[in-house]
Each structure stands twice: as structure tokens, then as C-alpha cells.
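**Q** This is the structure I have questions about; it appears just below.
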Amino acid sequence: MARPRGARRLAVAAAGLILLTACTPPPPGLPDSDPPDPTRTVLGPQPPVECAPVVDTEASFDPGAPGLCDSYYPQAGNGGYDVEDYHLDLTYDPATQTLRGVATITATATANLRTFNLDYYGPDIESVRVDDQSAATEYSGGELVVTPAEPIEAGTRFTIVARYGGKPRGYPGASGPSTGFLVTDDGAIALGQPQSAAAWFPVNDHPRDKATYTIAISVPSNLAALSNGVLESRREGPMGFTTWTWRESSPMAPYLATMVVGNYRVVTGTHDGRPVVTAVHTSLPTSVDAELARTTEVIDYLQTVFGPYPFDALGGIVVNAPLGYALETQARPVYDQSFFNVDQGGASWVIAHELAHQWYGDSVSIDDWREIWLNEGFATYAEWLWNEHSGTQRSGGATVQATFDTWYRIFSDNERLWRVPPGDPGADDLFHQAVYIRGAMTLHALRRTVGDEAFFRILPEWASRQKDTTGTTMEFIALAEEISGQELDQLFHDWLYSPKRPPRP
Ligand SMILES: [Zn+2]
């Protein structure tokens, strides 16, 4: 995610919506005053506590857990199963502002399940079937509890079909009014971080459960319906509606799924054999289309630094709704039009930010929201690299080093940038500039310490080794130590977990 520079960063209140479950979040890293532990286990966050129910080999069947025990959002996601694929058949009618959906979810039980939960804040559920048998449901506070006709044994693959329809609801406790399912003048936008998917389909809503997606959206034929991945077909159906079917065949975290409906200028093409689809709302000037077309140029550069682009499609969508942010929705980021003000140096820096997330955030996802610096620090560093490469003039400086020097100098010792540790910023500071700027500075401090040769091997190796899965800060530190041959605990402790300005590298 990126926000326009200077815009007030919205406090994330999402933590408030989630009641603490029985699981206990692990303790944060130790205070800065403690000496580094040679066993290095105290340097950063502890591994997340396992919240899934214990599997009883005597075949007792228990409820699946209502959360995955994320450090900041313990009730996000659900325990007891792992989703492999979502097939969403959606119809959105702007005239009535109603969303109808049939979600077919293929999953495997990881415990003996008597019931299981889905995260959901969407329109009314009409029916749920599990393996083609009617299932009982109960709904409370964003948790849809499903009781299948027959209990499900651990290791069993099963299929859920949920039918729903009506007016989308607001997303309670979301990080702002522009999170969840947003109704616009001519359509709708489903978008948001850290959670948004549950606003438009039942889901295991945590990056730890990535899955493939088919998203078929039927809308009035004069409108476009945009989403992630490859556009497989666009077919006219009855009643003046057309169905746009999109397929994301790489595992995707739920919050990276999107749906954008409205009047858009859609441009299709190919780049290196991959389909490119870009779209700009028709109310915006065509200069926006020209700027968005730099997507392929930015991808070409990022591939020289991060390695091969990880997905089979690319593109971008510029909306005219006042989102206040851009988001790295997989294979096709969504941008607030305010980034595309050519008078202010253009938008290539934010394109570089969101496209860098395709490697760091999307292909390699975080395992716990506490470690969001692994997304935002990397994407911000990509901005600095792009600005140096392209000669883009932005705040900071012409080179990465000058940008680092500027931030190090202008933030005095008592600024919050130094008091918020990017390795564990707290849910209220999930999008604090410490996560972005100090996160990027962490990478530059690493580069200064290990040298360019090792640093520019670490970045692509992280992307290829963790491709299509998740990665943790501890795994990243281990990789950096492996490639550089250096002991880096103190460096990462100072930059990620200390509540004061680290020594200059
Ligand atoms: Zn970002």
C-alpha cells in the first residue's frame, strides 16, 4: 500500500474490531536496553502461537479455530483447514447496488472438524452446502460458523458452496471509509488492507492461507469489470449483462483480491509474452493512461534487481474514487487518481512501489501482520532505486544514498520515526512512516554493511526462495547472514526493534 506524500496517515483501527481469542499473542522483542542474546531468540518477534485445534487421533471432532492468532489480528483467518482455490461467480448491478454471489471454495481439513469458520461481512447468506449436502450456519461478528451434515476428517479435501446476495455492508472497524466494498457513482470497488476480502466473499482472511482464484463478474454490458490475473473471457449474457472472467493461478493472499466495476478505458496488450491489462476511469484525462503505460518499463527495471516477475499477467487500474491510497492487488494494482498528477513529477514512483510489492508482499507474503516492514520497507526501497535509475526527482535525493542521508538527517532523535520499531510497529501504526521509511533504511543499512555484491544477491534470492508462500523476518535475517557470511543480529536489532535512532551504518 502507498499513500500520497503529505497525506495524513490514517490510524488503523482494525485492531479494535477483533476480540481477543483464547490464543495469546507472543511477546514483542525485548526492550532496547537488553543486551543482544547470543542465542538470538530475543532479537525479534517470537513465532506465532499455534491456534488451530489439536488433532485427536481418537477421531474426536472439534470446532475449527475462529482465528489464526496473528499478533495484531488474532481473529483474522480461521484454523482447521487450508483453502486451495476460490471460484467466485458474482453479479453486481449498480442500478440496485446489489451484489449476488456464489462462492465455491475447495479446501483440505487440517484437523477433525465438527464445525469450521469463514470470515464474512458481505450480503446476506442464503445457503451453504458442504460436499453437496446442506450445512447449518450461524453468523456472529464477522464469523460464519458452518456445521456440515457430516464431520470432516483431517486430511480430507472438501468443497463449500455459499450463495449470498443483497446490499453490501460496511466493514466494521476497517482502516477507513475506503476499505471493503465501496459503492461508487457508476459501479463499485472491493479493496483494502489488512482485511477487505470478507466484505465481498466468505474467506479464510489471512495471508497465511494463500489460494488460487477464479473471479467471474457479471455487470451491465456498458461497464467494465476488472480483477486480478489473466482475463480468460468476456461473454455477453442475458438481460444486457456481460461476464468478465479472471483467473489468478498463483497463490494469492485474500486482501490482494480486488474487483473494480465502472466506466473504464481498458487497454490490453502483451509484454514478454504476458497479457497486460490497464484501465483508467473515463472521467480522468488521457495523460493518466500514458503514465500508467510506464508499468512495463518499471517492470523491466525491477526485474534487473529482484529477478523474474513472479506472475503470469500484469497491469494496473486508476480509479476516480477518493481512496487515499494505492494497493498492490495481485498482478494488477489499484491506484487512487491523486497519485497521477503529472505536475508533481508523475506517478512512476508509486507504480514502482506497487509493482515491487508483486515480489515482496504478493509472491512472498508476510506470515504475521507484525512483520509488514517486509512488504513496505522493500517497496519503499524500490521507489528509491527506481528514482535513482530513472532520474525521477522526489523528496529525499537523486540517489538512494542521498535519500537515506536526508531521512537520517531531518528526523531528530525524538521523532516517532525512531520510536516506532518497524519490526513490531503495533496495529495502530501498521502504516506508520517508520514501517515505510525506516523499513527502507533498514535495507540500506544492510547494503552498507554487507556490500552491493551480497545485497543484490540477497534481494532476488529472497523472492525466489519464498516464492508463492510466506516469509518471516527471522528467515530474511538468516538468508542475509547466509549470503553475506556476516553476523547481522545487532544490525537488525538496531534498525527493526530499537525505539531509538540506530547508529549510522
Ligand atoms: Zn506499499
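In the working numbering, the protein residues as written are 13 to 517. Glycine included, every Cβ here is placed at the ideal spot set by N, Cα and C.
Would you tell me roughly how many angstroms separate the C-alpha atoms of Arg431 and Phe443, rounded to the nearest one?
**A** What you label residue 431 is simply residue 419 of the sequence shown in a count that begins at 1. What you label residue 443 is simply residue 431 of the sequence shown in a count that begins at 1. In a straight line, the C-alpha of Arg431 is about 14 angstroms away from that of Phe443.
**Q** Taking the alpha carbon of Ala338 as the point to measure from, which residue in Tyr347, Asn332, Val331, Val330 has its own alpha carbon closest?
**A** Here residue 338 corresponds to residue number 326 of the sequence shown, with the count starting at 1. Checking every option, the nearest Cα to that of Ala338 belongs to Tyr347.
**Q** If you measure from the CB of Ala452, is any heavy atom of ligand 1 nearer than 7 angstroms?
**A** On the sequence shown, position 440 is the one that residue 452 refers to. No, the Cβ of Ala452 stays beyond 7 angstroms of every heavy atom of ligand 1.
**Q** Could you check which residue in Ser230, Pro434, Val173 has the C-alpha nearest to that of Pro250?
**A** Within the sequence shown, the letter at position 238 stands for residue 250. That would be Ser230, whose Cα lies nearest to the Cα of Pro250.
**Q** Between the alpha carbons of Phe119 and Val95, how many angstroms are there, rounded?
**A** One-based indexing of the sequence shown puts residue 119 at position 107. One-based indexing of the sequence shown puts residue 95 at position 83. First, the residue type needs correcting, since residue 119 is Ala and not Phe in the sequence shown. A direct Cα-to-Cα measurement between Ala119 and Val95 gives close to 4 angstroms.
**Q** Give a single yes or no on whether Ala343 has its beta carbon closer than 7 angstroms to a heavy atom of ligand 1.
**A** In the sequence shown, the residue the question calls residue 343 occupies position 331. Ala343 Cβ: outside cutoff for every heavy atom of ligand 1.
**Q** Fully enclosed by the region 117–164, which beta strand (DSSP E) runs are 3 residues long or longer?
**A** 125–131, 137–142, 148–152, 155–159
**Q** Are the region 165–182 and the region 215–230 touching, with three or more C-beta to C-beta distances below 8 angstroms?
**A** no
**Q** My output table needs one value for Ser496: the three-state DSSP class, helix, strand or coil.
**A** Along the sequence shown, read from residue 1 onward, the residue named residue 496 stands at position 484. In the structure shown, Ser496 sits in a helix (DSSP, three-state: H, G or I).
**Q** Given the structure, does Glu162 come close to ligand 1, in the sense that its CB is under 7 angstroms from one of the ligand's heavy atoms?
**A** Counting from 1 along the sequence shown, the entry for residue 162 is found at position 150. Result no, Cβ not under 7 angstroms from ligand 1.
**Q** Only counting the same chain, and skipping five residues up and downstream in sequence, which positions put a Cβ closer than 6 angstroms to that of Ile452?
**A** Against the sequence shown, residue 452 aligns to sequence position 440. Rather than Ile, the amino acid found at residue 452 in this sequence is Ala. Close CB contacts of Ala452 within its chain, under the 6 angstroms cut and outside five residues either way in sequence, are with Gly389, Thr392, Tyr393 (chain order).
**Q** Should Glu260 be counted as a contact of ligand 1 given a C-beta to heavy atom distance under 7 angstroms?
**A** Counted from its first residue, the sequence shown places residue 260 at position 248. Result no, Cβ not under 7 angstroms from ligand 1.
**Q** If contact is defined by three or more beta carbon pairs under 8 angstroms, each pair taking one atom from either stretch, is the region 398–414 in contact with the region 471–485?
**A** Contact fails between the region 471–485 and the region 398–414, because fewer than three Cβ pairs, one in each stretch, are under 8 angstroms apart.
**Q** If we call anything under 8 angstroms between Cβ atoms a contact, is Ile489 one with Phe467?
**A** Here residue 489 corresponds to residue number 477 of the sequence shown, with the count starting at 1. Here residue 467 corresponds to residue number 455 of the sequence shown, with the count starting at 1. At the C-beta level, Ile489 and Phe467 stay beyond 8 angstroms of one another.
**Q** Under a Cβ-count criterion, where at least 16 other Cβ atoms within 10 Å of its own Cβ denotes burial, should Pro297 be classed as buried or exposed?
**A** If you number the sequence shown from 1, residue 297 lands on position 285. It is exposed - the Cβ of Pro297 has fewer than 16 other Cβ atoms within 10 Å.
**Q** Among Phe323, Leu156, Gln445, which one has its Cα closest to the Cα of Asp136?
**A** Numbered from 1 along the sequence shown, position 124 holds the residue referred to as residue 136. Of Phe323, Leu156, Gln445, the residue nearest in Cα terms is Leu156.
**Q** Cutting at 6 angstroms between CB atoms, please list the residues of its own chain near Leu130, excluding the five before and the five after it.
**A** On the sequence shown, residue 130 is found 118 positions in, with the first residue counted as 1. Within the same chain, Leu130 has close Cβ partners Leu156, Pro214.
**Q** Decide if Ile422 is buried, meaning its Cβ has at least 16 other Cβ atoms within 10 Å, or exposed.
**A** Residue 422 sits at position 410 when you count from the first residue of the sequence shown. When all chains shown are included, Ile422 counts as exposed.
**Q** Looking only at its own chain, which residues have a Cβ that is under 8 angstroms from the Cβ of Ala475, when we skip the five neighbours before and after it?
**A** Position 463 of the sequence shown, counted from the first residue, corresponds to residue 475. For Ala475, where only same-chain residues beyond five positions count, the Cβ hits under 8 angstroms are Phe318, Gly319, Pro322, Trp371, Tyr372, Ser375, Val376.
**Q** Using DSSP with H/G/I as helix, E/B as strand and the rest coil, what is Ser299?
**A** The residue labelled residue 299 in the question sits at position 287 within the sequence shown. In this structure, Ser299 counts as helix in the three-state DSSP scheme.
**Q** Measuring from the CB of Ala391, is there a heavy atom of ligand 1 at a distance below 7 angstroms?
**A** As a position in the sequence shown, residue 391 is number 379, starting the count at 1. Yes, the beta carbon of Ala391 sits closer than 7 angstroms to at least one heavy atom of ligand 1.
**Q** Could you have a look at Trp256 and say whether DSSP puts it in helix, strand or coil?
**A** Within the sequence shown, the letter at position 244 stands for residue 256. Here Trp256 sits in strand by DSSP.
**Q** May I ask you to report which of helix, strand or coil DSSP gives Ser402?
**A** Mapped onto the sequence shown, residue 402 falls at position 390. Ser402: helix per DSSP, three-state reduction.
**Q** From Glu248 to Leu203, what distance separates their C-alpha atoms?
**A** In the sequence shown, residue 248 corresponds to position 236, counting from 1. In the sequence shown, residue 203 corresponds to position 191, counting from 1. Spanning the two alpha carbons is a distance of roughly 26 angstroms.
**Q** Is Ala325 buried or exposed, if buried means 16 or more other CB atoms sit within 10 Å of its CB?
**A** For the purposes of this step, residue 325 is taken as residue 313 along the sequence shown, with counting starting at 1. The C-beta of Ala325 has 16 or more other C-beta atoms within 10 Å across all chains shown, which makes the residue buried.
**Q** What do you get for Glu499, buried or exposed, if any count of 16 or more other CB atoms within 10 angstroms of its CB means buried?
**A** On the sequence shown, position 487 is the one that residue 499 refers to. By the neighbour-count rule (16 or more Cβ atoms within 10 Å), Glu499 is not buried but exposed.
**Q** If you measure from the CB of Asn399, is any heavy atom of ligand 1 nearer than 7 angstroms?
**A** Taking the sequence shown and counting its residues from 1, one reaches residue 399 at position 387. The answer is no for Asn399.
**Q** For the putative contact between Ile2 and Pro263, defined by C-beta atoms under 8 angstroms, what is the C-beta separation to the nearest angstrom?
**A** Nothing in the structure corresponds to residue 2, since the chain is present only between 13 and 517.
**Q** Leaving aside the five residues before and after Thr280 along the sequence, list all residues of the same chain whose C-beta is less than 6 angstroms from its C-beta, in chain order.
**A** In the sequence shown, the residue the question calls residue 280 occupies position 268. For Thr280, where only same-chain residues beyond five positions count, the Cβ hits under 6 angstroms are Val289.
**Q** Which of the three DSSP states is assigned to Asp506 in this structure?
**A** Within the sequence shown, the letter at position 494 stands for residue 506. Asp506: helix per DSSP, three-state reduction.
**Q** Does chain D have any CB closer than 8 angstroms to the CB of Asp197?
**A** Any reference to chain D falls outside this structure, which holds one protein chain only.
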